[in-house]
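Per the working numbering, the very first residue in the sequence shown carries number 592; after that it's consecutive. What follows is a single structure, written as structure tokens, with notes after it.
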Amino acid sequence: MFSSIRALVPALLGGLLLAACQSYSPRPLDDAAHDREWHARSVNDAGVREFAAALSQRDTRPRRYDPSDGLDLEEAEVVALFFNAGLRRARLEAGAALAGARHAGEWENPELNVSAGVILASISQPWMASAGLEFTIPISGRKGVERDLAFAEHEVRWREVLALEWEVIVDLRRLWREQAAHGERILLLEAHIANLGDVSRRAADLARAGELAGTDARVFEIELLQSRIELEDLRAQSREQQSALRGLLGLAPAAPLRLNLTLGASLDRRADGEWPPVSVARAAYSVAEQQLRLEIRKQYPDLRIGPGYEMDEGQSTISLGFGIPLPLINLNRAGIAKARVAREAARAAYEQAREEAAVSAELARLRLERARVARRQVEEDLAPLVDLQVREARQRAEAGDFDALLMLEALKSLREAKERVLQTRLHEAQAMDALNALKGPTFKPKDNK
592 MFSSIRALVP ALLGGLLLAA CQSYSPRPLD DAAHDREWHA RSVNDAGVRE FAAALSQRDT
652 RPRRYDPSDG LDLEEAEVVA LFFNAGLRRA RLEAGAALAG ARHAGEWENP ELNVSAGVIL
712 ASISQPWMAS AGLEFTIPIS GRKGVERDLA FAEHEVRWRE VLALEWEVIV DLRRLWREQA
772 AHGERILLLE AHIANLGDVS RRAADLARAG ELAGTDARVF EIELLQSRIE LEDLRAQSRE
832 QQSALRGLLG LAPAAPLRLN LTLGASLDRR ADGEWPPVSV ARAAYSVAEQ QLRLEIRKQY
892 PDLRIGPGYE MDEGQSTISL GFGIPLPLIN LNRAGIAKAR VAREAARAAY EQAREEAAVS
952 AELARLRLER ARVARRQVEE DLAPLVDLQV REARQRAEAG DFDALLMLEA LKSLREAKER
1012 VLQTRLHEAQ AMDALNALKG PTFKPKDNK
């Protein structure tokens, strides 16, 4: 009976070990399924609406999501945060770091040692056998520090996700302003072409009547053709920017999308806020601190202990043994020295990020001030003067004194002045966006646990 039980014990142990192990099942890539999912994405998806509602709960400013009348900038930010491929990947990678952190610092598996032998001399019971089970008891406290280190590393990954989310929003705002300015630039050029067309037809009539030289009339045709070529190029650039916007939003190139583009921006008046790279650098410093703690703990040994069984010449012996390395020679000096220097490097990286944030804020403030001054000068000084020049040139032409070069220069100056107004408005919005970017997201981060 006892022999049957002894024979069953190894089988039971083997079954328990197999039950504790996880199995592998392949999950091959499916391009067709991904393409279907990608092309089926829509700003009206229920998932986007649920995400928008959850985001508004942790946002410091009210967010409304209603894509039925087209997307405004805040609604486009929601879509980008939900669908953007880079953010989806970064969140999953941070989740992998969290999954690993939850199992960090676990005890090591016990070690089973078995040996058998035979005595060559002629004796009645020549067989020898021994077995031992050894456990490592983490008396050094290293396992707890390993767990703290793993969670600190996950914190860095999580902060990197937040920084990437904010980077996507900053990029979206930049593309949004550029596309809005591009649309207004197209309208300005279309108006310029319309003005040129009217004057060109009048110049052609005067040339046919012999009241204007053909060379003077031709300058309008040349300018008109050049403007039309430029207009087609601007429209092509606009289509490229729309494609880039779709990509940033995580939508397929052919996805239906209506954007309510606006060029204007407003300053974020929050007193608090932090540039995400600063928070990433702070989290990285915590990792360096935990790494040094771990290297310090590695000076101290863990206890190895376990029972043993031995049979020699028919005599059985049960024992309990233990072992512990003596920290006399190698006190992990190399690991500790390296970790100390790495901590100072992490401190320097954090201080660098803070300094860069302060310098960037000052540069953005100066750019905003310069853009406002330039806009005021163009709108208050240059634009009225150009309008007067065009008006007087038209009055002279209506009075019968048609000066081709004067009229052409007046129309070109009018377009250039309006372009300058548009450019200063764009620079002002970009400077505001740059200042806002340095304050970080308006929404609170999602719980990373």
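We put the beta carbon where it would ideally sit given N, CA and C, even for glycine.
Strand pairing of residue i, partner residues [DSSP]
{"i": "Val705", "result": "Ala722"}
{"i": "Gln906", "result": "Asp903"}
{"i": "Ile728", "result": "Leu894"}
{"i": "Leu662", "result": "Leu850"}
{"i": "Leu711", "result": "Note: Leu711 sits in no beta bridge, so no partner."}
{"i": "Leu911", "result": "Pro898"}
C-alpha distance - residue i paired with residue j, whole-angstrom precision
{"i": "Leu664", "j": "Gly801", "result": "55 angstroms"}
{"i": "Asn1027", "j": "Asp762", "result": "13 angstroms"}
{"i": "Ala937", "j": "Val871", "result": "11 angstroms"}
{"i": "Met592", "j": "Asn700", "result": "Low confidence applies to Met592: its pLDDT is 40, below 50, so where it sits in the model is not reliable, and the reading given next is rough at best. Their backbone Cα atoms lie some 32 angstroms apart in a straight line."}
{"i": "Leu1029", "j": "Arg809", "result": "52 angstroms"}
{"i": "Leu858", "j": "Leu973", "result": "27 angstroms"}
{"i": "Ser829", "j": "Arg799", "result": "39 angstroms"}
{"i": "Arg792", "j": "Val981", "result": "17 angstroms"}
{"i": "Gly661", "j": "Arg627", "result": "24 angstroms"}
{"i": "Leu999", "j": "Glu812", "result": "11 angstroms"}
{"i": "Arg693", "j": "Gly686", "result": "11 angstroms"}
{"i": "Ser907", "j": "Arg748", "result": "55 angstroms"}
{"i": "Glu947", "j": "Glu697", "result": "40 angstroms"}
{"i": "His755", "j": "Ala933", "result": "The sequence given here places Leu at residue 755; His does not occur at that position. C-alpha separation (whole angstroms): 25 angstroms."}
{"i": "Ser659", "j": "Asn635", "result": "8 angstroms"}
{"i": "Gly905", "j": "Ala688", "result": "53 angstroms"}
{"i": "Leu683", "j": "Ser721", "result": "48 angstroms"}
{"i": "Asn704", "j": "Leu724", "result": "6 angstroms"}
{"i": "Gly732", "j": "Gly926", "result": "17 angstroms"}
{"i": "Leu997", "j": "Ser633", "result": "53 angstroms"}
{"i": "Arg750", "j": "Arg1006", "result": "47 angstroms"}
{"i": "Gln613", "j": "Leu959", "result": "59 angstroms"}
{"i": "Glu970", "j": "Ser1004", "result": "14 angstroms"}
{"i": "Arg655", "j": "Lys1035", "result": "17 angstroms"}
{"i": "Leu825", "j": "Leu779", "result": "11 angstroms"}
{"i": "Gly1031", "j": "Ala1022", "result": "15 angstroms"}
{"i": "Arg884", "j": "Ala949", "result": "32 angstroms"}
{"i": "Ala930", "j": "Gly735", "result": "18 angstroms"}
{"i": "Arg873", "j": "Gly864", "result": "14 angstroms"}
{"i": "Ala782", "j": "Ser818", "result": "11 angstroms"}
{"i": "Ser594", "j": "Ile909", "result": "Because Ser594 sits at a pLDDT of 45, beneath the cut-off of 50, its placement in the model cannot be relied upon, and the point is left open."}
{"i": "Met719", "j": "Glu702", "result": "21 angstroms"}
{"i": "Ile887", "j": "Glu901", "result": "38 angstroms"}
{"i": "Gly897", "j": "Gly691", "result": "28 angstroms"}
{"i": "Leu599", "j": "Ser706", "result": "Note that Leu599 has pLDDT 43, beneath the 50 cutoff, so the model's placement of it is unreliable and no number is given."}
{"i": "Ser1064", "j": "Gln770", "result": "The structure shown does not extend to residue 1064, since the chain is modelled only from 592 to 1040, so the question has no answer here."}
{"i": "Pro868", "j": "Asp789", "result": "55 angstroms"}
{"i": "Ala875", "j": "Arg738", "result": "16 angstroms"}
Distance between beta carbons of residue j and residue i, contact taken as under 8 angstroms
{"i": "Glu814", "j": "Leu797", "result": "At roughly 16 angstroms, the Cβ-Cβ gap does not stay under 8 angstroms, so Glu814 and Leu797 are not in contact."}
{"i": "Val1012", "j": "Arg967", "result": "Actually they are not in contact, since the Cβ atoms of Val1012 and Arg967 sit about 10 angstroms apart, beyond 8 angstroms."}
{"i": "Ala962", "j": "Ala1025", "result": "Actually they do not touch by this definition, with Cβ atoms about 11 angstroms apart."}
{"i": "Val670", "j": "Leu836", "result": "The Cβ separation is near 10 angstroms, so there is no contact."}
{"i": "Leu1017", "j": "Ala667", "result": "That pair is no contact at about 18 angstroms."}
{"i": "Arg852", "j": "Trp767", "result": "First, the residue type needs correcting, since residue 852 is Leu and not Arg in the sequence shown. The Cβ separation is near 7 angstroms, so the contact holds."}
{"i": "Asn923", "j": "Gln890", "result": "5 angstroms"}
{"i": "Asn675", "j": "Val759", "result": "5 angstroms"}
{"i": "Thr555", "j": "Arg895", "result": "In this structure the chain extends from 592 to 1040, so residue 555 is not present and cannot be described."}
{"i": "Asp893", "j": "Pro729", "result": "5 angstroms"}
{"i": "Ala1020", "j": "Ala856", "result": "4 angstroms"}
Closer than 8 angstroms to chain B by CB, residue i
{"i": "Ala798", "result": "No chain B is part of this structure, which consists of one protein chain only."}
N-terminal and C-terminal residue of the alpha helix (DSSP H) that residue i is part of
{"i": "Arg652", "result": "Where Arg652 is concerned, there is no enclosing alpha helix (DSSP H), given that its DSSP letter is neither H nor E."}
{"i": "Gln613", "result": "It is not in any alpha helix (DSSP H) - Gln613 carries neither H nor E in the DSSP assignment."}
{"i": "Gln968", "result": "Arg924 to Gln968"}
{"i": "Gly686", "result": "Ala676 to Arg693"}
{"i": "Trp629", "result": "Asp622 to Ala631"}
Could you tell me which whole beta strand (DSSP E) segments of length 3 or greater appear in the stretch 775-825?
none
Can you give, in chain order, each stretch of the alpha helix (DSSP H) that sits fully within the stretch 974-1037 and has at least 4 residues?
974-989 and 995-1028
Please give me, in chain order, every unbroken run of the alpha helix (DSSP H) with length at least 4 that falls completely inside the stretch 850-897.
867-888
In the stretch 731-778, which residue ranges form an unbroken alpha helix (DSSP H) of at least 4 residues, counting only runs that do not cross its ends?
none
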